[in-house]
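So the mapping is simple: our numbering equals the position in the sequence shown, first residue as 1, plus 4.
In this text, a Cβ means the ideal position worked out from N, Cα and C, and glycines have one as well.
Only a predicted model underlies this, so the values are computations on that prediction, with no experimental measurement involved.
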Amino acid sequence: MKPLFAKVGIFGVGLLGGSVALGLKERFLAEEIHAYDQDPEALEKALFLGVADRVHPTLGPWVGELQLGVLAAPVGALVELGKALAPFASPESLWTDVGSVKAKVVGALEGLLPHFLGGHPMAGSERAGVGNAHAGLLQNAIWVLTPTSRTSPRAKEGIRKLVEALGAYPLEMTPELHDNLVARISHLPYLLAVALNQMVAHSPHRDLLMFLAAGGFRDLTRVASGSPRMSRDMVVENKEALKEAIEELRGVLWELEGLLDEPEALLQAAEEAKRTRDSLPIVRRSLLPEMHDLVVQVPDRPGQIARIATALGEAGVNIKDIEVLTIREEAGAIRLGFASREERERAREVLAQAGYRLP
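This is the structure we're talking about:
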């Protein structure tokens, strides 16, 4: 079967760019992967890890041979990168990006690069760099596409095929709506994580707070462990939408402060928050298969995931999704996702018989 693309260029070899490249390779979607980065070490790793077939420290005529170009540099560098690429790009080539801010990038690049369609895979990790890239990062991810009235039919069709072939789910919206929504569910949580860690760092009781910080605090502030420079650029590039989100949050916190003197009203707010958090998987039902979750408490010892998988496999129960929720010195938790309620209940029986604690 012929691959979707002959030569593909990945411009910026980090976590997302590397994951796209690996996805293309593992699914045989490209004949040859070319990688460009200003960091020689990143290019060396990309070559060593098999992320790319050929690497380039500079732009040049080789760009004109590409059928597809994916801009995966830090969001603050995307516009300048697009300007540098434009003179070399083939008029027939497809272009997209994976940046988390769209309005500014799309506004600049759709007039520079041929057949450009902005994109943002809603996937990531606090572990940055090509060394942490893997094709599974994009599997079942929502991949936002932001077409405008200037987007060519060729770009819409080609980039959508790319996203679906990588195992992700394309979701179209305007660049402005994307930035508004992402400010609230991605960029604002990052600033909250920074703020909470700053409270600990500047406290006169810092050492005690560090010692007492439990799984909840760690989970809530995990995103602060990512690249500070890349995260800084991300929120600054979306600062207008983010300022609106911060103002909304101020109002919500003000209301919650008032509810501290009204226990019943606070309980109602907490119950609404729980319903919202517990229903997050339902948001994906129109795009992804419904999952039936089961949380398993496990001792923090090697081989627990393998032991659980083996027990369920021998019982004929198929795990569709798995996530490590928390790990402490003595115990942790694993979330298992199943395709049906019956499989989940069968899994509950099997794991209870194996000695695991379940809710």
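Worksheet item: Which runs of the beta strand (DSSP E) fall wholly inside the stretch 116–183 and span at least 3 residues, in chain order?
Response: 120–125, 146–150, 173–176
Discussion item. Quick check on Ile-37: does DSSP put it in helix, strand or coil?
Written reply: strand
Worksheet item: To the nearest whole angstrom, what separates the beta carbons of Lys-11 and Glu-30, a pair I think is in contact under 8 Å?
Response: Contact flag wrong, Cβ pair sits at about 18 Å.
Discussion item. Between the stretch 193–211 and the stretch 228–237, can you find at least three pairs of beta-carbon atoms closer than 8 Å?
Written reply: yes
Discussion item. Going by DSSP in three states, His-206 sits in which element: helix, strand or coil?
Written reply: coil
Worksheet item: Which residue comes first and which comes last in the alpha helix (DSSP H) that contains Ile-312?
Response: If you look at Ile-312, you'll find it in the alpha helix (DSSP H) that goes 308–318.
Worksheet entry | Neighbourhood of Ser-235 by C-beta distance below 6 Å, restricted to the same chain and skipping five residues each side | Tyr-194
Worksheet item: Helix, strand or coil for Glu-48 per DSSP?
Response: helix
Fill in: Nearest neighbour of Val-148, chosen from Leu-53, Arg-164, Ala-139, Gln-308 [CA to CA]
The residue with the shortest Cα to Cα distance from Val-148 is Arg-164.
Worksheet item: Are the Cβ atoms of Ala-112 and Val-79 separated by less than 7 Å?
Response: Cβ atoms of Ala-112 and Val-79: not closer than 7 Å.
Worksheet entry | Same chain, Cβ closer than 7 Å to Lys-160, five either side skipped, listed in chain order | Leu-121, Pro-151
Item to complete: Give the straight-line distance between the Cα atoms of Asn-64 and Leu-28, rounded to the nearest whole angstrom.
Response: Here the sequence assigns Gly to residue 64, which means Asn is not the residue at that position. Their Cα atoms are separated by approximately 23 Å.
Worksheet item: What is the C-beta distance between Ala-337 and Val-302, in whole angstroms, given that I count them as a contact (C-beta under 8 Å)?
Response: Beta-carbon to beta-carbon, Ala-337 and Val-302 are separated by about 7 Å, close enough to satisfy the 8 Å threshold.
Worksheet entry | DSSP three-state assignment for Gln-71, whether helix, strand or coil | Secondary structure at Gln-71: coil, using DSSP grouped into helix, strand and coil.
Worksheet item: Is Leu-224 helix, strand or coil when you go by DSSP?
Response: helix
Item to complete: Quick one: grab the DSSP three-state call for Ala-337.
Response: strand
Fill in: Per DSSP, cross-strand counterpart(s) of Trp-99
According to the DSSP secondary-structure assignment, Trp-99 is paired through a beta bridge with Gly-73, Phe-120.
Worksheet item: Where DSSP assigns a beta bridge to Phe-15, which residues make up the other side?
Response: Tyr-40, Leu-75
Worksheet item: Is Arg-58 helix, strand or coil when you go by DSSP?
Response: In this structure, Arg-58 counts as strand in the three-state DSSP scheme.
Worksheet item: Going by alpha carbons, who is nearest to Ala-107 out of Gln-42, Glu-241, Gly-22?
Response: Glu-241
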